[in-house]
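For reference, the structure is listed below as structure tokens.
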Amino acid sequence: MKKKVLSIVMLSTICWINAQEKDSLNQKKIEEVVITGQYMQQSINKSIYKVEVIDAEKIKRMAATNAAEVLNQSLNIQITPDTNSGNSTANILGLGGAYVKILIDNIPVVGDTGLGSNIDLTKLSLSNIERIEIVKGSMGVEYGNGALAGVINIITKKNSSKKLSITATLQEETVRDGYDINKKGKGKHIQNVNIGYNITDNWFTNLSFSHIQFMGYEGEKQGYKFFDTSNPSVMRGYEWNPKDQYEVNGLIKYTKNKTSLFYKASYLNEKFNFYNPVIKRESLNDGQGGVTYTSLDREYNTERWIHQFNIQTDLGQVKYIGDFSYQNQNRKFFDYTYDIPNRKGNKDYDEQSYYKTDVIYSRGMFSNFTNSKKFDFQLGYELDFTDGYAALIAGDFDGNNVKRKIFTYGTFLSGEWNISDKFSLRPGARFSVSDRFDDQFNYSLSARYKTSENSNLRWVFGTANRYPNYDELFTYFVNVNHDIQGNPDLKPENGYSAGLFWDQGFNLGDGWKFNYNLEALYVDLNDKIENVMIIRPSTYKYMNLDKYRSLLFGLNANIVKNQFSLGVRTSVNGISVSKQEMEATTPTDFQYNFQAGANLAYKLKNINTAFNLFYKYTGPARMYVIENETFRLAKTDGFNMMDFIVSQPFWKNRFELSLGVKNIFDVTTINSTNSTVVGHDVASDRINLYYGRSYFARLMYQF
9 MKKKVLSIVM LSTICWINAQ EKDSLNQKKI EEVVITGQYM QQSINKSIYK VEVIDAEKIK
69 RMAATNAAEV LNQSLNIQIT PDTNSGNSTA NILGLGGAYV KILIDNIPVV GDTGLGSNID
129 LTKLSLSNIE RIEIVKGSMG VEYGNGALAG VINIITKKNS SKKLSITATL QEETVRDGYD
189 INKKGKGKHI QNVNIGYNIT DNWFTNLSFS HIQFMGYEGE KQGYKFFDTS NPSVMRGYEW
249 NPKDQYEVNG LIKYTKNKTS LFYKASYLNE KFNFYNPVIK RESLNDGQGG VTYTSLDREY
309 NTERWIHQFN IQTDLGQVKY IGDFSYQNQN RKFFDYTYDI PNRKGNKDYD EQSYYKTDVI
369 YSRGMFSNFT NSKKFDFQLG YELDFTDGYA ALIAGDFDGN NVKRKIFTYG TFLSGEWNIS
429 DKFSLRPGAR FSVSDRFDDQ FNYSLSARYK TSENSNLRWV FGTANRYPNY DELFTYFVNV
489 NHDIQGNPDL KPENGYSAGL FWDQGFNLGD GWKFNYNLEA LYVDLNDKIE NVMIIRPSTY
549 KYMNLDKYRS LLFGLNANIV KNQFSLGVRT SVNGISVSKQ EMEATTPTDF QYNFQAGANL
609 AYKLKNINTA FNLFYKYTGP ARMYVIENET FRLAKTDGFN MMDFIVSQPF WKNRFELSLG
669 VKNIFDVTTI NSTNSTVVGH DVASDRINLY YGRSYFARLM YQF
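Next comes the structure, spelled out in structure tokens:
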């Protein structure tokens with residue numbers, strides 16, 4: 009019923025749009041700009057950092073539905089899904105979500121275990137997105153705690169050249185070979201609406217709505233209706249559990265002279281269903297020997313609010329950018345007994361929170377003190393007050409719920425010196441204090457040399473730190489078979505990165521344009537926190553022991569002419585991990601992983617039919633793991649991913665119909681021997697990556 013109502017609302021919106029005044033479609037091409045790590049928004053070519061940009065047009069051509077699907081196309085970014093929780097986090101250069109800072113409009117996003125870290129990328133919709141900016145490497149000076157492997161900055165739309173602009177999208181997808189639009193059916197159902205309106209020359213407002221309903225994927229299991237207990241190997245439930253998301257974003261912006269300010273609010277509501285594979289046979293006590301089958305299922309509900317106020321203005325000659333944000337996320341659950349044959353659920357327990365986080369955050373930057381193009385410096389501050397709560401369901405905490413308040417404050421200073429028209433240098437430093445951890449000092453040094461009009465050489469060095477999270481500090485899981493403990497005395501992890509980046513472009517004549525870039529990046533992390541054995545056979549404790557190093561070499565090239573473009577990407581990533589456990593220590597040699605990718609786009613000139621192909625190959629990965637008091641070299645298999653999309657505009661380019669297939673090679677799980685036994689847990693030799701090949705159809709209206 010919900011989907012039918014949403015479809016009627018969207019079709020009504022489209023009819024209303026068509027009745028509005030028409031604006032000119034002639035738009036001037038604007039030079040691509042970035043804001044991540046910059047003093048002010050500026051051209052990507054002038055950025056002192058190497059910034060990878062995925063713009064709205066490319067995101068549309070991907071037919072992606074959330075940030076996880078977009079980022080999974082990038083080399084050396086692997087999206088790591090958790091089929092139990094439904095979350096998907098980013099892994100950069102082998103370091104997981106705790107080491108990647110996720111921002112929206114330059115401010116970190118609230119999450120379960122920290123601000124900006126371990127963020128579920130499937131909870132970030134694309135209904136109001138302008139571009140995604142990615143910077144790999146340590147960015148501790150600019151973005152503080154957790155920015156060790158890189159920063160992903162999601163930029164939303166805040167203006168429009170039209171009086172009224174509206175985009176409405178309906179997208180239907182299969183989930184592997186399953187599709188059914190009915191309630192409790194199959195497939196994936198997406199609806200988006202985005203409305204932008206210039207109220208006056210100074211005022212702009214925007215409202216967007218997104219709904220993503222994933223009906224789950226059964227895989228080897230039999231779905232929520234199954235209740236046959238005769239064969240224990242055949243299980244009820246889903247390999248990928250159902251999830252239903254709603255997100256609403258609203259923005260109001262004012263611009264006049266040299267002052268710009270906006271207020272933005274974002275609300276997310278997500279329901280995630282877990283259908284228990286354990287089935288109980290119960291007597292009906294009806295005197296006729298009747299029985300029914302029940303299961304204790306669980307529903308998880310997440311609510312997230314993000315409020316942001318941004319101001320950019322001149323204080324005399326000094327330029328000021330200030331962000332003020334209040335965010336909260338509350339994750340709840342309740343258990344209920346589900347009568348499977350009769351399709352009825354009885355709520356047995358009250359709903360309760362298991363993760364709750366409230367954050368007050370502010371970041372301010374002052375620049376243009378000298379009013380000189382030769383030299384300028386930036387002075388900034390960042391403060392974060394996080395009031396966190398984790399219940400027992402989120403982990404094992406000595407029989408108690410964990411409440412944790414942390415206040416951190418950082419001040420940072422950097423200078424940008426344009427030594428000549430070709431050579432720029434930027435040193436920087438940050439000092440951070442916390443009411444729980446030792447003071448942290450981070451520093452950076454970056455340089456850009458313009459070798460020609462269309463080529464740049466960049467060298468970037470930076471440090472960063474990461475504070476321990478709930479599990480690492482407070483876990484206490486002790487029984488007859490287990491002894492796994494957190495460590496309140498853990499200190500923050502510290503690391504650095506050094507990178508060299510070269511890019512160059514050519515005009516080959518006859519309309520052909522070619523550019524390429526080379527990159528080399530080294531990441532070094534000390535005092536890495538791991539859960540290690542301290543007493544045989546099953547006593548584990550989180551400790552600052554390990555050392556992690558990552559080495560990346562990459563080559564990317566693009567060629568474009570009129571309606572044709574081809575991009576090719578390759579990289580080799582080496583990882584060295586020094587792990588210790590009792591008397592065992594792993595070797596420190598590098599284990600290398602090869603990746604390659606390509607994207608091909610072609611548009612038929614007369615009818616504007618667009619063809620897009622996206623390909624990514626992830627080669628086998630090897631890593632040393634400790635097991636049974638010694639170490640072994642574990643392996644994870646490689647795999648290929650490919651998507652193909654055809655799009656056709658019609659009715660004066662107002663409508664666009666897209667058809668396509670995702671995950672053409674039908675990747676689901678891959679073999680892996682990386683898993684090890686902790687305590688008496690059972691290690692798995694398979695990793696769930698995707699639910700397989702899917703087909704989709706999308707109808708988009710743009711005004």
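Each residue of the sequence shown is one higher than the one before, starting from 9 at the first, in this note's numbering. Beta carbons: idealized from backbone N, C-alpha and C, even for Gly. These numbers come from a predicted model, not from an experiment.
Sixteen is the threshold: since fewer than 16 other Cβ atoms of the shown chains lie within 10 Å of the Cβ of K430, the residue is exposed. Counting of Cβ neighbours within 10 angstroms places V286 among the exposed residues, the total staying below 16. Taking E138 as the centre and dropping the five residues before and after it, the same chain places the C-beta of A64, I163, T164, K165 closer than 7 Å to its C-beta, in chain order.
Residue range 629 to 635 is occupied by the beta strand (DSSP E) that includes I634, with no alpha helix (DSSP H) assigned at that position. In the three-state reduction of the DSSP assignment, E77 falls in the helix class, which pools H, G and I. Here Q335 is near V367, since their CB atoms are less than 8 Å apart. At a Cβ-Cβ threshold of 8 Å, I220 and S125 do not count as neighbours.
For Y107, the secondary structure class from DSSP, reduced to helix, strand or coil, is helix. For V59, there is no enclosing beta strand (DSSP E), as DSSP marks it with neither H nor E. The alpha carbon of Y457 has as its nearest neighbour, out of V42, L574, Q81, L508, the alpha carbon of L508.
According to the DSSP assignment, M70 belongs to the alpha helix (DSSP H) that extends over 64 to 70. S169 and F711 have their C-alpha atoms some 12 Å from each other. Note on the stretch 114 to 152: whole alpha helix (DSSP H) runs with a minimum of 4 residues are 148 to 151, in chain order. In the structure shown, L101 falls within a coil segment according to DSSP collapsed to helix, strand and coil. Shown here for K288: same chain residues with a beta carbon closer than 6 Å to its own, the five before and five after excluded, namely T302 in chain order.
The three-state reading of DSSP puts F332 in strand, counting E and B together.
Assigned with DSSP and collapsed to three states, K54 falls in helix. In terms of Cβ geometry, L101 and A155 do not form a close pair [threshold 8 Å]. Judged by beta-carbon spacing, G388 lies within the 8 Å limit of M373, meaning their Cβ atoms are closer than that value. Boundaries of the beta strand (DSSP E) around E501: 501 to 517.
F663 is positioned such that its CB atom lies no closer than 8 Å to that of M70. Assignment of beta-bridge partners to L323 by DSSP yields V326.
Taken in chain order, the unbroken stretches of beta strand (DSSP E) that lie wholly in the stretch 235 to 269 and span 3 residues or more are 251 to 264.
Excluding the 5 residues flanking it on each side, I567 has same chain C-beta neighbours closer than 6 Å at F522, L574, in chain order.
C-alpha of V118 to C-alpha of V256: approximately 16 Å in a straight line. The three-state reading of DSSP puts D447 in coil, since its state is none of H, G, I, E or B. In the DSSP annotation of this structure, the continuous segment of the alpha helix (DSSP H) that includes L481 starts and ends at 478 to 482. Measuring C-alpha to C-alpha distances from L481 to each of D497, E290, K131, D447 identifies D497 as the nearest. Cβ neighbours of V59 within its own chain (closer than 8 Å, five residues either side excluded): V42, T44, G45, I52, E141, I142, V143. Around N696, the same chain offers T91, T677 as residues with beta carbons nearer than 6 Å, after the five sequence neighbours per side are excluded. Here the C-alpha atom of F572 lies approximately 10 Å from the C-alpha atom of W520.
C-alpha of L172 to C-alpha of I203: approximately 7 Å in a straight line. Taking a 10 Å sphere around the C-beta of T237, we find fewer than 16 other C-beta atoms and assign the residue as exposed. Runs of the beta strand (DSSP E) lying entirely within the stretch 342 to 416 and spanning at least 3 residues, in chain order: 352 to 355, 360 to 375, 383 to 398. Taking 8 Å as the cut-off, the Cβ atoms of A528 and L560 count as close. In the DSSP assignment, P285 falls outside any beta strand (DSSP E), carrying neither H nor E.
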